[in-house]
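Residues 5 to 176, numbered by our numbering, are exactly what the sequence shown covers, in order. Backbone N, C-alpha and C fix where the C-beta goes; we use that ideal spot for every residue, glycine too. Worksheet: the structure to be examined is printed underneath.
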Amino acid sequence: RQQQTDRAPATMNDDELIRTLAEDRVIPMAGLLSLLMPASAGVGFSLKGLDGRYRLVNREMERLLGQGPACLVGRSESDVLPTHLLAQLAHCDQRILDGASASYEEVEMPVDGRISRCRWINLSVFGTDHKLQSIASIVQETLPSPEIPSMQQTLDRLRQARMDPAQRAVAG
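If you want it as structure tokens, here you go:
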């Protein structure tokens, strides 16, 4: 495997980043990239070389992996994730290296000081020569935050309180 030594600077704006990636032929789908890069999407996105080192990450991925801005570029998952996750994610990467176009894992990982269930999807990224060039990862938390169930319980109690006594007897 050829190790990638030229990396896009981590502090580019979205347009510069897309242009650099298109010129470097890292990913030909600039439209998809522009959808995944903003932090507001709520989806972690990264692109790593075949050496396992991150070449590109969005802010949400930095948050999910507990890293500050621009701290992931050039590092690998073994540098930033707990040991128990590495085997699962290595298996996910290996499926891509073995020729799968996509692979998927559900993982439990520390996010913002709590354990969160996350959906981790890897996708193959091919160069113009049709050879595997990179692995794109899309990561999203799948469990609602702890506030959501308590809010739902409060809403349910309010709804029940608004019912007349006959409706409460039927519902309860």
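{"Asked": "Taking the straight line between their C-alpha atoms, what separation do you get for Ser105 and Leu51?", "Found": "15 Å"}
{"Asked": "Can you name the start and end residues of the alpha helix (DSSP H) that Ser82 belongs to?", "Found": "Glu81 to Val84"}
{"Asked": "Can you give the beta carbon distance from Gly48 to Gln144, rounded, assuming they're within the 8 Å contact cut?", "Found": "7 Å"}
{"Asked": "Which value, in whole angstroms, describes the spacing of the CA atoms of Phe130 and Val61?", "Found": "18 Å"}
{"Asked": "Could you give the C-beta distance for Ser107 and Cys96, rounded to a whole number, given that I count them as a contact under 8 Å?", "Found": "5 Å"}
{"Asked": "Cβ of Glu64 within 8 Å of Cβ of Gly46?", "Found": "yes"}
{"Asked": "Excluding sequence positions up to five away, which residues of its chain have a Cβ less than 6 Å from the Cβ of Ser141?", "Found": "Ser50 and Asn126"}
{"Asked": "In this structure, how does DSSP classify Ala140 when only helix, strand and coil are distinguished?", "Found": "strand"}
{"Asked": "Identify, in the order they occur along the chain, each residue of the same chain with its Cβ nearer than 6 Å to the Cβ of Glu112, setting aside the five sequence neighbours on each side.", "Found": "Ile119 and Arg121"}
{"Asked": "Going by other Cβ atoms of all chains shown within 10 Å of its Cβ, with 16 needed for buried, is Gln137 buried or exposed?", "Found": "buried"}
{"Asked": "What does the Cβ neighbour count give for Leu69, buried or exposed, with the cut at 16 atoms within 10 Å?", "Found": "buried"}
{"Asked": "Can you name, in chain order, every residue of its own chain whose Cβ lies under 6 Å from the Cβ of Gly78, other than the five neighbours on each side?", "Found": "Arg57"}
{"Asked": "Please list, in chain order, all residues of the same chain as Glu81 whose beta carbon is under 6 Å from its beta carbon, the five residues on each side excluded.", "Found": "Leu93"}
{"Asked": "Out of Ser128, Pro114 and Gln71, which has the shortest C-alpha to C-alpha gap to Thr87?", "Found": "Pro114"}
{"Asked": "Have a look at Asp83, Glu110 and Gly103 and flag the residue whose alpha-carbon is nearest the alpha-carbon of Trp124.", "Found": "Glu110"}
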